[in-house]
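S.K.:
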Amino acid sequence: MTSRPAPFFIAALLILWCAMAAFATSNGAWLTNVSQRERERVNPYRDQPDAVAAGRRIFLDHCAHCHGQDAEGTKKRPSLKSSRVQHEATDGDLHWLLVNGNRSQGMPSWVKLGDPQIWQVICYVKSLH
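Residue numbers (my numbering): 59 to 187.
Written as structure tokens, this is what we have:
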């Protein structure tokens with residue numbers, strides 16, 4: 059006779075798997091994929107109030123659905139006010155992520171927005187510190 063795993067064991071494995079997936083999303087593993095050249099890219103709109111305002115509008119249209127209206131994150135998506143986003147990730151890192159996405163973690167590529175809009179979103183996100 060073969061034994062079947064207890065429902066409790068299956069539930070525990072599912073919870074562990076979900077926790078590991080959430081950790082992978084929030085631990086910044088994607089940063090290891092960014093080349094030094096990309097990391098050092100400079101935002102041409104940095105410190106421009108008009109770019110922050112434009113970036114906010116783009117954020118509300120395209121990003122708030124997953125990251126929340128205030129960028130605090132949701133149950134499934136990370137806060138963009140975190141130390142990792144605000145202090146550890148460079149503008150170039152964030153540009154790379156927005157262009158390339160991270161499909162395995164549910165982050166689409168936003169390359170279709172175009173560079174000016176991507177840089178404006180980065181201005182807005184970085185202004186949230």
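Even glycine gets a Cβ: it sits at the ideal position worked out from N, Cα and C.
N101 by DSSP, collapsed to three states: which one?
M.R.: The answer is coil: DSSP assigns N101 none of H, G, I, E or B.
S.K.: To which residues does DSSP link N160 through a beta bridge?
M.R.: N160 pairs with M165.
S.K.: Could you tell me the distance, in whole angstroms, from the CA atom of Q178 to the CA atom of V92?
M.R.: In a straight line, the C-alpha of Q178 is about 20 Å away from that of V92.
S.K.: Please report the distance separating the alpha-carbon of P166 from that of V157.
M.R.: Looking at the two C-alpha atoms, the distance is approximately 9 Å.
S.K.: If you drop the 5 nearest sequence neighbours on each side, which residues of the same chain put their C-beta closer than 6 Å to that of G150?
M.R.: E96, R97, E98 and R99, listed in sequence order.
S.K.: Compute the beta-carbon to beta-carbon distance between G131 and H125, rounded to the nearest angstrom, for a pair I have assumed lies under 8 Å.
M.R.: About 6 Å separates the two Cβ atoms, so the contact holds.
S.K.: Can you say whether G113 is buried or exposed, counting buried as having 16 or more other CB atoms within 10 angstroms of its CB?
M.R.: The residue is buried, with at least 16 neighbouring Cβ atoms inside 10 Å.
S.K.: Along the alpha helix (DSSP H) that carries C124, what are the first and last residues, could you check?
M.R.: C124 -> alpha helix (DSSP H) spans A122 to H125.
S.K.: Within a Cβ cutoff of 6 Å, which residues of the same chain sit near C181, ignoring the five residues on either side of it in sequence?
M.R.: The residues are Y103, A109, V110 and G113.
S.K.: Would you tell me roughly how many angstroms separate the C-alpha atoms of W168 and I176, rounded to the nearest one?
M.R.: So the alpha carbons of these two residues sit roughly 8 Å apart.
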